[in-house]
Amino acid sequence: NAGVTQTPKFQVLKTGQSMTLQCAQDMNHNSMYWYRQDPGMGLRLIYYSASEGTTDKGEVPNGYNVSRLNKREFSLRLESAAPSQTSVYFCASRRNYLNGPGTGNDGYTFGSGTRLTVV
Amino acid sequence: KNEVEQSPQNLTAQEGEFITINCSYSVGISALHWLQQHPGGGIVSLFMLSSGKKKHGRLIATINIQEKHSSLHITASHPRDSAVYICAVETSGSRLTFGEGTQLTVNP
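So the sequence lines, in the order shown, correspond to chains A and B.
For the first sequence, the working numbering assigns the number 1211 to the initial residue and increments by one for each residue that follows.
For the second sequence, the working numbering assigns the number -3 to the initial residue and increments by one for each residue that follows.
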């Protein structure tokens, strides 16, 4: 099993350019998440999708949009990149959000990350 | 004050030592997660716990809900344990709030 696959692994953008980060999971998980990781700040939630067809804002959604294309895929789009969006982005998925925590193996599975630099 | 505080921020140990990483939080939670981030950047989920203690190999995680505190222990540490260990608390809506991580270096 591939788990959670993120593409690309590295990207350099110029200010104002747009791009889409792709994420796909093959574990039949209901919930998917996009996080960014910045030095000294820990991981922060950008957007999440509790189930196919739904998306919700997280802690830092400004400047981003998401699409839950189907149960497998959850993409993150930067419409007009800014230097403040330079970060490492992680996609994650989880099986049993809708059933609540503590039911079986409900840990998160993370992608390998995308290192994005906006110049 | 961050909702999730980890200590220490950095930890250097000799191979074989017993290691403890602490996590304190200030909000009501439904579960607590311990994650490991490898030097290459990948993140792996180690434990999810809402009470008591869990053990997997040389790793042990404990949580005290009343004291809002969790610890991650590594027994017989090895250089391959060198990584960043991240505590995250799960609040309503399955949202995670992360600590800043503890950088562990185990020297041979």
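Glycine residues also receive a C-beta, built at the ideal position from the N, C-alpha and C atoms.
Just so you know, these numbers come straight off a predicted model, no measurement behind them.
Query, Result
"Host beta strand (DSSP E) of residue 1 (chain B) (start-end)", "0 to 3"
"Within the region 1268 to 1299 of chain A, ranges of the alpha helix (DSSP H) (whole runs, at least 4 residues)", "none"
"Local conformation of residue 88 (chain B) per DSSP, three classes", "helix"
"Any C-beta of chain A under 7 Å from that of residue 94 (chain B)", "yes"
"Any chain A beta carbon closer than 7 Å to residue 41 (chain B)", "yes"
"Contacts around residue 1296 (chain A), its chain only, beta-carbon distance under 6 Å, and the 5 residues preceding and following it disregarded", "1327 and 1328"
"Cβ distance (whole Å) where residue 1275 (chain A) is taken to contact residue 1289 (chain A) below 8 Å", "7 Å"
"Chain C within 7 Å of residue 37 (chain B), Cβ atoms only", "Absent from the structure is chain C; the protein chains it does hold are A and B."
"Buried or exposed (CB count within 10 angstroms, at least 16 for buried), residue 74 (chain B)", "exposed"
"Where residue 1319 (chain A) meets chain B, residues with beta-carbon distance less than 8 Å", "41"
"Continuous beta strand (DSSP E) stretch holding residue 49 (chain B): start and end", "48 to 52"
"As assigned by DSSP and simplified to three states, the class of residue 1236 (chain A)", "coil"
"Beta carbon proximity, residue 1253 (chain A) to chain B, threshold 7 Å", "yes"
"Strand pairing of residue 23 (chain B), partner residues [DSSP]", "Answer is none; residue 23 (chain B) lacks a bridge partner."
"Nearest-angstrom Cβ-Cβ length linking residue 100 (chain B) and residue 79 (chain B), presumed shorter than 8 Å", "6 Å"
"Three-pair Cβ contact test at 8 Å for the region -3 to 4 of chain B versus the region 1259 to 1272 of chain A", "no"
"Closer than 7 Å to chain B by CB, residue 1322 (chain A)", "yes"
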